[in-house]
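Notes to accompany the following structure.
Number of protein chains: 2
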Amino acid sequence: VSLEMDPINLEKVLKSSREALMVTKKQYLVQDWCKTEPLIQTLKVRGCITKYVLNNFCYGQCNSFFIPRTPKAKAKKTPFQSCAICKPKRYSMTRVTLSCPGRYPPFKRRRVKKISECACTSSQALQ
Amino acid sequence: VSLEMDPINLEKVLKSSREALMVTKKQYLVQDWCKTEPLIQTLKVRGCITKYVLNNFCYGQCNSFFIPRTPKAKAKKTPFQSCAICKPKRYSMTRVTLSCPGRYPPFKRRRVKKISECACTSSQALQ
Numbered sequence: 163v164s165l166e167m168d169p170i171n172l173e174k175v176l177k178s179s180r181e182a183l184m185v186t187k188k189q190y191l192v193q194d195w196c197k198t199e200p201l202i203q204t205l206k207v208r209g210c211i212t213k214y215v216l217n218n219f220c221y222g223q224c225n226s227f228f229i230p231r232t233p234k235a236k237a238k239k240t241p242f243q244s245c246a247i248c249k250p251k252r253y254s255m256t257r258v259t260l261s262c263p264g265r266y267p268p269f270k271r272r273r274v275k276k277i278s279e280c281a282c283t284s285s286q287a288l289q
Numbered sequence: 163v164s165l166e167m168d169p170i171n172l173e174k175v176l177k178s179s180r181e182a183l184m185v186t187k188k189q190y191l192v193q194d195w196c197k198t199e200p201l202i203q204t205l206k207v208r209g210c211i212t213k214y215v216l217n218n219f220c221y222g223q224c225n226s227f228f229i230p231r232t233p234k235a236k237a238k239k240t241p242f243q244s245c246a247i248c249k250p251k252r253y254s255m256t257r258v259t260l261s262c263p264g265r266y267p268p269f270k271r272r273r274v275k276k277i278s279e280c281a282c283t284s285s286q287a288l289q
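Line by line, the protein sequences give chains A and B.
Just so you know, the working numbering puts 210 at position 48 of the first sequence, and the rest follows in order with no gaps.
Just so you know, the working numbering puts 234 at position 72 of the second sequence, and the rest follows in order with no gaps.
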């Protein structure tokens, strides 16, 4: 059994991809966060009276990792990979009617995605 | 100009999507992290002597946000959206030759992605 490696402190090196997966999971237990903060969204359409809608926006820091793993067959590479992003978890679609006095018809409808809650949500990420 | 909203502390509400974008950027300035940690990767093929390669794995917490924004035309929705994930930034492909005494030919080659550096990298995420 040979070990191809550069000089390094062997004590600290993890022995397997599975072990690495456990380490990342432990690190992740409490530290991610994703905030839901209020925001006034402007609905501006030419010829209509501007309306303002209370909405929320999301921002935060979510977990992701990439752990190399060797496939047993000579098939494709299969790293352990995970990615979460801070995005709307609960929302509703509401319809807002704008008044447009100089136009016919004198109104316009707009659909707005009203975000009620954001969360770190696991996501398939493009490479 | 009307404001459709629930009772809330108006002082705290951001006035526009652009303002929200600035807040998220400020929050993000220093806080994201993405570690590069050593890992022994096992190359195990039936009939061959197992080899171990020093590699690295990535894990961390990167920024993401989702800010609603109303498009001027009735086209598709265009939120400000960003997602970064902790993944290999620098790597090299190396070839490892396994010795397989009982087989013909008595060796097997495997390509390994050797990760040298991980970083929070912005990524297109599937919804």
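Where is the CB? At the ideal position from N, CA and C, for every residue including glycine.
CB contact below 8 Å: residue i versus chain B
i                 : result
Gly264 of chain A : no
Lys275 of chain A : yes
Thr240 of chain A : no
Lys249 of chain A : yes
Arg272 of chain A : yes
Ser178 of chain A : yes
Ser284 of chain A : no
Ala182 of chain A : yes
Leu288 of chain A : Reliability of the predicted coordinates at Leu288 of chain A is poor, the pLDDT of 42 falling under 50, and no value is obtained from them.
CB contact below 8 Å: residue i versus chain A
i                 : result
Ala281 of chain B : no
Arg257 of chain B : no
Gln203 of chain B : yes
Cys210 of chain B : no
Met167 of chain B : Low per-residue confidence applies at Met167 of chain B: pLDDT is 45, beneath 50, and the placement is therefore not dependable enough to give any value.
Ser278 of chain B : no
Of the residues the options, the one placed nearest residue i, counting alpha carbons only
i                 : options                                   : result
Arg180 of chain A : B:Leu201, B:Leu216, B:Gly264 and B:Pro268 : B:Leu201
Ala182 of chain A : A:Ile277, A:Cys262, A:Phe228 and A:Leu205 : A:Phe228
Asn176 of chain A : B:Ser244, B:Val274, B:Phe219 and B:Ser254 : In the sequence under discussion, the amino acid at residue 176 of chain A is Leu, which differs from the Asn named in the question. The shortest C-alpha separation from Leu176 of chain A is found at B:Phe219.
Ala246 of chain A : A:Cys280, A:Val207, A:Thr204 and A:Leu205 : A:Cys280
Lys251 of chain A : A:Cys282, A:Val258, A:Ser178 and A:Asp194 : A:Cys282
Arg257 of chain B : B:Gly264, B:Arg271, B:Tyr266 and B:Pro267 : B:Arg271
Lys276 of chain A : B:Thr232, B:Trp195 and B:Asp194           : B:Thr232
Gln193 of chain B : B:Gln243, B:Cys224, B:Ser244 and B:Tyr214 : B:Cys224
Tyr214 of chain B : B:Glu199, B:Thr259 and B:Ser178           : B:Thr259
Phe269 of chain B : B:Gln243, B:Met255, B:Met184 and B:Ile211 : B:Ile211
Glu199 of chain A : B:Pro267, B:Glu199, B:Asn217 and B:Ser178 : B:Ser178
Arg184 of chain B : B:Met255, B:Gln243 and B:Leu216           : Checking the displayed sequence, the identity of residue 184 of chain B turns out to be Met instead of Arg. Looking at the Cα atoms, B:Gln243 is the closest of the given residues.
Below-8 Å beta-carbon distance, residue i vs any chain E residue
i                 : result
Pro267 of chain A : Within the model displayed, chain E is absent; protein chains A and B are what it includes.
heavy atom of the ligand GDP below 7 Å from residue i C-beta
i                 : result
Arg273 of chain B : The ligand GDP is not among the ligands present in this structure, which contains no ligands whatsoever.
Whole-angstrom C-beta distance between residue j and residue i, which should lie under 8 Å
i                 : j                 : result
Pro230 of chain A : Gln203 of chain B : 6 Å
Ser226 of chain A : Cys262 of chain B : The pair is not a contact, with the Cβ atoms about 36 Å apart (cut-off 8 Å).
Gly222 of chain B : Lys197 of chain B : 5 Å
Tyr253 of chain A : Ser278 of chain A : 6 Å
Gly209 of chain A : Arg273 of chain A : Not really, about 19 Å apart at Cβ, beyond 8 Å.
Beta strand (DSSP E) segments (min. 3 residues) lying fully within the segment 226-288 of chain B: As far as the segment 226-288 of chain B is concerned, its whole beta strand (DSSP E) runs of at least 3 residues are 242-261 and 269-284.
Interfacial residues, the segment 217-231 of chain A to chain B, with Cβ spacing under 9 Å: Listed by position along the chain: Asn217, Asn218, Phe219, Cys220, Tyr221, Gly222, Gln223, Cys224, Asn225, Ser226, Phe227, Phe228, Ile229, Pro230 and Arg231.
Every unbroken beta strand (DSSP E) inside the segment 179-224 of chain A [3 residues or more]: 195-205
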